[in-house]
Structure formats: C-alpha cells, structure tokens
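For the protein sequence lines, the chains are A and B, in the order given.
In terms of the working numbering, the first sequence is residues 1 to 155.
In terms of the working numbering, the second sequence is residues 156 to 310.
Virtual Cβ for every residue (Gly too), placed ideally from N, Cα, C.
On a predicted model such as this, the values are computed, not experimentally measured, just so you know.
These notes are about the structure you will find just below.
Protein chains: 2
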Amino acid sequence: MTEADPPGYELPLLLFAGFRSLIDELHTELAALGHTEVRPVHGFALQAIGPYGASATEIGRRLGVSKQAAGKTVDRLAALGYVERADDPSDARRKLVRLTPRGLDMLTRSAEIFDRLRANWVHQLGAGQVAQLESSLRRVVPATAFPVDVPGWFG
Amino acid sequence: MTEADPPGYELPLLLFAGFRSLIDELHTELAALGHTEVRPVHGFALQAIGPYGASATEIGRRLGVSKQAAGKTVDRLAALGYVERADDPSDARRKLVRLTPRGLDMLTRSAEIFDRLRANWVHQLGAGQVAQLESSLRRVVPATAFPVDVPGWFG
DNA sequence: GTAAAGTAGTCAACGTGGTTGTCGAAACAG
DNA sequence: CTGTTTCGACAACCACGTTGACTACTTTAC
C-alpha cells in the first residue's frame with residue numbers, strides 16, 4: 001500500500017509489447033530458415049487449418065473473420081506454397097484446404113521457435129514467474145478470446 | 156518438475172488475448188460514453204500526440220510508422236474531431252497537430268477506464284499477482300518494443 | 001550571401017487484410 | 001419435386017500500411 005499502483009494503461013502496453021516481441025523474434029528466425037515471405041496472420045491461418053485440413057468457411061469461423069476474408073488469405077497462402085486446395089469428394093461445393101509439406105514445416109519450426117523463446121523467458125525470469133504469468137492470464141482471459149480469434153492486429 | 160511445461164506457442168496467445176480483451180472492453184465503454192467511431196489505432200495515435208501536440212513526422216517516429224501513414228491517421232482523427240492542425244510559427248514547414256477538447260476527453264476517459272480494468276484484474280488475481288505480471292513483462296520486454304514512447308503521460 | 005543538403009508535409013500508386021452484398025451450384029428438408 | 005441453406009467465388013469498398021516523387025522551407029557549409 002505504500003507504493004502507488006502503476007497507471008492502468010501500462011498493462012495493455014506491456015501485454016502488447018510482450019506479444020509483439022515474441023512474434024517479431026519468431027519471424028526473424030523463420031526468415032533465417034527460408035520462410036521469408038510469411039506474415040503473422042499466416043501463422044494463425046495455418047494453425048486454424050490444422051493437420052487434417054479445413055474448408056475456407058471453417059477457417060473463417062475459427063479465426064473469427066468472414067469466409068471471404070479467409071478465402072483471400074488461403075489464396076495468398078497457396079501462392080506462397082504453404083497450402084493447396086483439393087476438391088472434397090463428399091461435397092462438390094467444398095474445397096478442402098490442406099497444408100503442403102512446406103506449410104507443415106513452417107508450423108513445426110514455429111512450434112520449436114516458440115518453445116525456445118519461452119525458454120529464454122524462463123532463463124530471464126525463472127520458471128515459476130513464467131508459469132505464474134501464464135496462469136494469471138489464463139484466469140483473466142475470457143474464454144471467448146480463445147483459442148484463436150484474431151482479426152487484423154498485425155500487419 | 157513433475158509437470159510438463161506448456162507449449163511455447165501458448166504464451167503469445169495468452170498475451171494477445173489479454174491485450175485484446177482489455178482493448179475490447181475499453182472500446183465498449185468508450186462507445187457508451189459517446190466515442191463510438193474511435194478505433195484502437197486512434198488511441199495509440201492520440202497518446203503519441205500528447206498534451207503539447209506534435210508534428211506528423213514526430214507522431215510517425217513515436218509510433219514506428221512512416222510520416223505518410225501518420226499523416227493519414229491524423230486526417231482521420233481530424234475528420235472525427237479529435238485533433239486539429241495549426242501552423243507552427245517557428246517553422247513554416249511544420250504543422251502542429253493538437254488535441255481538441257474532444258480528443259483530450261477521450262484520452263482522459265481512456266485512462267480512467269484502464270485504471271478500472273486493471274482494478275478488475277486485481278480483484279480477480281490479487282494485487283501481488285498483477286504487480287508481478289507487470290514486473291515480469293517489464294523485465295522481458297525490450298525497450299524498443301514499446302509502441303509509444305512519450306515522456307510524462309498522465310503523471 | 002549563396003549554394004547545397006536536409007527536413008516537413010502532401011500526393012499518387014500500390015499491397016494486404018478486413019467488410020458487405022450478390023450469385024450460381026450443390027446439398028438438404030419437406 | 002420444391003424451397004431453403006450452405007459453399008465458394010466475384011465485386012466494390014474501407015482502413016492502414018508501404019515507397020517514391022515532389023514542393024516548400026530551413027539549416028549548414030563554403
């Protein structure tokens with residue numbers, strides 16, 4: 001009680017800066033591994049597609065954007081060689097979007113890099129602090145904000 | 156040691172979800188106070204302008220974007236009535252961007268709302284946990300990652 | 001004092017990621 | 001068979017960012 005609370009606006013700034021620094025480091029490392037053209041939004045989209053593939057409409061639902069926006073992102077991912085479209089034999093309207101080997105590689109590398117970046121935080125703060133940070137955020141974050149609901153926050 | 160570490164990708168997701176939930180609540184409350192058209196990026200821009208005003212180039216430098224992008228954002232803020240441009244008598248090239256009373260109101264309200272949102276987190280997690288979360292992030296976030304570097308905002 | 005260099009703001013063209021609205025084709029419910 | 005819903009695509013548009021080019025003005029160097 002002897003110390004004044006920090007101003008409330010610092011909290012979102014710190015959260016954003018932490019998020020942003022992780023994402024920036026991720027893409028620096030991905031670029032060094034040959035994934036130079038990929039952007040943050042693409043990582044979320046690949047995650048939403050998942051190992052079994054998904055339709056464009058389903059991807060949009062998972063990301064919380066319109067099916068048209070999801071379709072455009074799929075177009076770009078396909079042009080970059082990360083996904084491919086295949087006809088769905090059980091439904092002639094649908095086209096299944098699947099990861100290519102390159103897309104899967106990007107996802108695997110990202111997971112490895114994120115693990116390493118988290119380990120850096122553990123090195124700086126200690127395992128307990130990082131675990132507590134994650135635990136606090138899990139408690140305070142509304143379930144609706146998860147698992148993936150991310151419109152245009154990076155560019 | 157007996158528990159496995161969570162996957163590294165959860166950390167950025169949690170940070171983003173926390174940030175996003177605060178920003179969403181902020182804008183819900185701002186809308187209820189009459190600031191219905193303002194978007195997250197505008198709040199950052201108003202912060203970058205600050206109580207004494209700034210030139211467009213300076214705003215861009217503080218936000219880490221080009222002067223052209225800053226100029227466009229100022230155009231939109233001016234159209235919404237949050238800022239106004241004035242000639243700088245000491246340098247005929249510069250135009251000083253200043254907050255209007257409405258812009259200042261928005262910033263003051265935002266500060267109040269952020270304080271209240273932080274108090275909500277304190278209520279859920281306890282003051283110590285929130286302080287520790289902020290402290291951890293301050294240690295781990297590189298100084299360059301702060302989107303707005305404005306001396307002396309709100310005390 | 002003047003010429004060269006640098007800086008502020010604007011305009012234009014463009015890229016990316018989002019939105020609605022519309023539409024044809026296919027699936028489904030009755 | 002018919003009406004409704006769903007999927008993917010196309011078009012128009014908006015928000016926010018980028019570069020490059022240009023004018024007007026300031027500052028610096030000689």
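Closest by C-alpha distance to L26 (chain A), out of A:L15, A:G53 and A:H42, is A:H42. When only Cα atoms are considered, G258 (chain B) and V141 (chain A) end up about 29 Å apart.
For the segment 117-146 of chain A, the set of residues with a beta-carbon nearer than 7 Å to any beta-carbon of chain B comprises L117, R118, W121, Q124, L125, Q129, Q132, L133, E134, S136, L137, R138, R139, V140, V141, P142, A145 and F146, in chain order. Put simply, the segment 2-15 of chain A touches the segment 259-272 of chain B. At least three CB pairs are less than 8 Å apart. The beta carbon of G8 (chain A) sits closer than 8 Å to some beta carbon of chain B. When only Cα atoms are considered, F19 (chain A) and P195 (chain B) end up about 16 Å apart. Taking 8 Å as the cut-off, the Cβ atoms of L46 (chain A) and L107 (chain A) count as close.
With a beta-carbon spacing of about 23 Å, I23 (chain A) and V97 (chain A) fall beyond the 8 Å limit used to define contacts. L99 (chain A): member of the beta strand (DSSP E) spanning K95 to L99, first to last residue.
Of all residues in the segment 158-183 of chain B, the ones placed with a Cβ closer than 9 Å to any Cβ belonging to chain A are E158, D160, P161, P162, G163, Y164, E165, L166, P167, L168, L169, L170, F171, A172, G173, F174, R175, S176, L177, I178, D179 and L181, in chain order. D88 (chain A) and Y52 (chain A) have their C-alpha atoms spaced approximately 13 Å apart. Distance check between T100 (chain A) and each of A:E84, A:D91, A:R93 and A:N120 places A:E84 closest, using alpha-carbon atoms only. A286 (chain B): member of the alpha helix (DSSP H) spanning A282 to V295, first to last residue. Beta-bridge annotation (DSSP): E84 (chain A) is paired with A:R98. For S265 (chain B), the closest Cβ of chain A is nearer than 8 Å. G189 (chain B) is positioned such that its CB atom lies no closer than 8 Å to that of A211 (chain B). Apart from sequence neighbours up to five positions away, no residue of its chain approaches S245 (chain B) with a beta-carbon distance below 8 Å. Boundaries of the alpha helix (DSSP H) around A187 (chain B): E165 to A187.
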